[in-house]
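*Asks:*
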Amino acid sequence: MSGYLLDSSVVIDWLRGRRPVTDWLETQARHRVKLAVTPITVAEVLAGVDPARRAAVATWLQDFAWAAIGFDAARRAAELYWDHDRAGSRLPLPDLLQAAVALALDLIVATSNVRHFPDVRTVNPREDG
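Residue numbers 1139 to 1267, in this note's numbering, belong to the letters of the sequence shown in order.
1) By Cβ distance, which residues of its chain are closer than 8 Å to alanine 1196, with the 5 residues on each side in sequence left out?
2) Taking the CB atoms as reference points, tell me whether leucine 1143 and alanine 1205 lie closer together than 7 Å.
3) Quick one: using the 10 Å Cβ neighbour count with 16 as the cut-off for buried, is glutamine 1166 buried or exposed?
4) From proline 1232 to aspartate 1221, what does the alpha carbon distance come to, in whole angstroms?
5) Does the beta-carbon distance from proline 1230 to alanine 1248 come in below 7 Å?
6) Determine, using beta carbons only, whether leucine 1245 and leucine 1234 come nearer to each other than 7 Å.
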């Protein structure tokens, strides 16, 4: 394991000061564990932030490692989407893109929506922290 990919649910909990999540993130940071975000997390988080706070939140988000979405991850997400759709369990494409990035980078997805990430290792900081 090389660290964690932070889903927007975790970042939103952190911004709201949700205690189990802030404690979990502080522990990871103290141990210098890689904490990464994708463009999806940044967009989802900033879309819900009041414009008066958006610049400050964007600055905080830049402190996390950057996990880009490359062609191979996009292709893998499409395959995951196809497989889940055919099995009758359609999952949100943004979450599957995150899962594909986590697989490519050997990261664990930190999320409160564990059921959206059946193809990767997950941790729920709300409960597992």
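All C-beta atoms, glycine included, are put in the ideal place defined by N, C-alpha and C.
Since we're looking at a predicted model, the values are computed, not measured.
*Replies:* So, to answer that:
1) As a working note, residue 1196 is residue 58 in the sequence shown. Counting only Cβ-Cβ distances below 8 Å, and skipping sequence neighbours, we find Val1180 and Leu1184.
2) To locate residue 1143, count along the sequence shown from 1; it is residue 5. To locate residue 1205, count along the sequence shown from 1; it is residue 67. Taking 7 Å as the Cβ cut-off, leucine 1143 and alanine 1205 qualify as a contacting pair.
3) Position 28 of the sequence shown, counted from the start, is the residue given in the question as residue 1166. Buried.
4) Position 94 of the sequence shown, counting from 1, holds the residue named residue 1232. Position 83 of the sequence shown, counting from 1, holds the residue named residue 1221. Going from the Cα of proline 1232 to the Cα of aspartate 1221 covers about 15 Å.
5) Counting from 1 along the sequence shown, the entry for residue 1230 is found at position 92. Counting from 1 along the sequence shown, the entry for residue 1248 is found at position 110. Not in contact: proline 1230 and alanine 1248 (Cβ atoms no closer than 7 Å).
6) As a first step, residue 1245 is located in the sequence shown; it is residue number 107 there, counting from the start. As a first step, residue 1234 is located in the sequence shown; it is residue number 96 there, counting from the start. Taking 7 Å as the Cβ cut-off, leucine 1245 and leucine 1234 do not qualify as a contacting pair.
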